[in-house]
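Participant: If you're matching positions, the sequence shown starts at 43 in our numbering and goes up one per residue.
What follows is a structure written as structure tokens; I'll ask about it next.
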Amino acid sequence: MSGTVAEAIADARARVLDRIADACARAGRDPRDVTLVAVSKTVPAERLVAAVAAGLTTLGENRVQEAEAKAAAVPGATWHLVGPLQSNKARRALETFDVIESVDSLELARRLDRIAGELGGGPRPVLLQVNVDDDEAKAGFDPATVEGDLTELLALDHLAIRGLMTVGRLAATADAARPTFVALRELGARLRGLRPDLGPELSMGMSDDYPVAVEEGATIVRVGRALFGDRPPA
Ligand SMILES: *Cc1c(COP(=O)(O)O)cnc(C)c1O
43 MSGTVAEAIA DARARVLDRI ADACARAGRD PRDVTLVAVS KTVPAERLVA
93 AVAAGLTTLG ENRVQEAEAK AAAVPGATWH LVGPLQSNKA RRALETFDVI
143 ESVDSLELAR RLDRIAGELG GGPRPVLLQV NVDDDEAKAG FDPATVEGDL
193 TELLALDHLA IRGLMTVGRL AATADAARPT FVALRELGAR LRGLRPDLGP
243 ELSMGMSDDY PVAVEEGATI VRVGRALFGD RPPA
């Protein structure tokens, strides 16, 4: 039963991919259209080396400093920033992460664009974090006004806006999270109707509700505990 760390991770990965495939089957979607981001905050680098070897090659972190240390020790992974980014860490974030999912204001987008231009290397893929639940505790663009910022956002030469991301409210059941996912999908569809150059990604769903998010159109799910086990209390 116990097996190695690598086996445990490989088993957890297989279970999560199975549930994604089942959700895709229910929704008539292709599982290849869903990217699993393994959210690895608090998981030590040694375990992440095993995770990458098991095929979890896209890792999500919510802190720049933690990710910097791990990125140096864990080769072969693609890194997504999924947590709030303070403007004074924008440069380090661009140096460490391949994708910044948590662009939550026009100001931050402008700053990332300017620094990405200085760093070179082409437009950086980012997502716009939208607070679709209008949750005071959550960051993000206001779904009612993001449309007004879209022209400027899409004109930023050094950012490639690949789509939208949201962090749902803590829900008692997976199904209770469904309206959040529907809201993000509908917002994405409406915004792309206005601006077809907005990318198609929808990053939504975490350990407790990613199958529901996939049913509702998630192209990126961000799963931590279901892969790595419970995190130590913060
Ligand atoms: C921690 C975190 C996740 C993963 O949460 P789990 O419940 O462990 O799956 C996803 N998204 C964000 C933004 C997070 O901070």
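Each residue gets a CB set at the ideal place from its N, CA and C atoms; glycine is no exception.
To the nearest whole angstrom, what separates the beta carbons of Val174 and Ala216, a pair I think is in contact under 8 Å?
Facilitator: Contact flag wrong, Cβ pair sits at about 17 Å.
Participant: Are there any heavy atoms of ligand 1 lying less than 8 Å away from the beta-carbon of Asn173, as far as the coordinates show?
Facilitator: Asn173 Cβ: outside cutoff for every heavy atom of ligand 1.
Participant: Look up Phe183 in the DSSP assignment and give the residues it is bridged to.
Facilitator: Beta-bridge pairing links Phe183 to Val172.
Participant: If you check the beta carbons only, do Gly159 and Asp199 fall under 9 Å apart?
Facilitator: A contact, by the Cβ cut-off of 9 Å.
Participant: Can you tell me whether DSSP reads Ser245 as helix, strand or coil?
Facilitator: Residue state, collapsed to three classes: strand.
Participant: So, under 8 Å CB-CB, Ala54 and Ala260 are touching, yes? Tell me the CB distance rounded to an integer number of Å.
Facilitator: About 19 Å separates the two Cβ atoms, so there is no contact after all.
Participant: Which term fits Arg166, buried or exposed, when burial requires 16 or more other beta carbons within 10 angstroms of its beta carbon?
Facilitator: Buried is the call here.
Participant: Should Arg68 be labelled buried (16 or more other beta-carbon atoms within 10 Å of its own) or exposed?
Facilitator: Exposed.
Participant: Return the chain-ordered list of same chain residues with a C-beta closer than 6 Å to the C-beta of Arg264, the five sequence neighbours on each side being excluded.
Facilitator: Correct list, in chain order: Val79, Val81, Gly102, Val124, Met248.
Participant: Buried or exposed, going by whether 16 or more other CB atoms sit within 10 Å of the CB of Gly210?
Facilitator: By the 10 Å Cβ count, Gly210 comes out buried.
Participant: For Arg264, write down the residues that DSSP places opposite it in a beta bridge.
Facilitator: Note: Arg264 sits in a beta bridge opposite Val79.
Participant: First and last residue of the beta strand (DSSP E) that includes Leu201?
Facilitator: First-last of the beta strand (DSSP E) with Leu201: 201-207.
Participant: Would you tell me roughly how many angstroms separate the C-alpha atoms of Val168 and Leu127, rounded to the nearest one?
Facilitator: Roughly 12 Å separates the two Cα atoms.
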